[in-house]
Structures are given as structure tokens and as C-alpha cells.
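Start counting the sequence shown at 410; every next residue gets the next number (our numbering).
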Amino acid sequence: MSSRITIDLPKPLPPGEECLPHAAMSLGAAPGPSAAPRRLVHRLVLEEHLGCWVLYRMDEGGGFIADTWHGSRDDALHQIRKEFGIEPAL
């Protein structure tokens, strides 16, 4: 099993409202539409890190938009289904 999965979205979509850019997180911004990243997500990268799974959201140029940490691969895949409405082909 690979510890890195890359998914190109069929259509660019905004990240979920629970995703904050790291600058907003460190400044103590409350979650919500005003603090959510504004760029569209073109690619997802799911990667194992320190026993957890990190879901990175990337823009069309491969730039970082946001990430979320998940306790298991299944939890991260559930987040992809919930946030982007797709079934990841693994």
C-alpha cells in the first residue's frame, strides 16, 4: 500500500469551510466563510505522516491551499467524499 495518494479533481472546487490557511490558524481566526481559503482546489494529496494521514489541497499550479489531519486513511477518504463529493479511485 502506498503512503501517498494523488487525486486530480474532475472539476476545481472550493475547500470546505473547516479548512483554514495556516496564517489564519496561527492568528486565532475563527472558522467560517471569511477565513476560508479563496482559491479553488484542483488536486488532493493524501499522505501518511507520523502515524496519521494529512489531506493537502492544492491549486492549479501545485501551490498549497489548506490541509487537514486525520487519524486514519479511512477518515481522510471519508473527508474527501464529504467535502468534494467524489469517490477516490485507489
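The beta-carbon is built from N, C-alpha and C at its ideal position, and this holds for glycine as well.
Here's the rule I'm using: 16 or more other beta-carbon atoms within 10 Å means buried, otherwise exposed. How should residue i be labelled?
| i | result |
| --- | --- |
| residue 413 | exposed |
| residue 478 | exposed |
| residue 499 | exposed |
Which one or two residues does DSSP pair with residue i in a beta bridge?
| i | result |
| --- | --- |
| residue 456 | 413 and 463 |
| residue 475 | 466 |
| residue 422 | 450 |
List the whole-angstrom C-beta distance separating residue i from residue j, where the pair is believed to meet the contact cut-off of C-beta under 8 Å.
| i | j | result |
| --- | --- | --- |
| residue 490 | residue 428 | Wrong, their Cβ atoms sit about 15 Å apart, outside the cutoff. |
| residue 449 | residue 486 | About 21 Å; that fails the 8 Å criterion. |
| residue 425 | residue 469 | Going by Cβ atoms, the distance from residue 425 to residue 469 rounds to 18 Å, so no, they are not a contact pair. |
| residue 415 | residue 463 | At roughly 13 Å, the Cβ-Cβ gap does not stay under 8 Å, so residue 415 and residue 463 are not in contact. |
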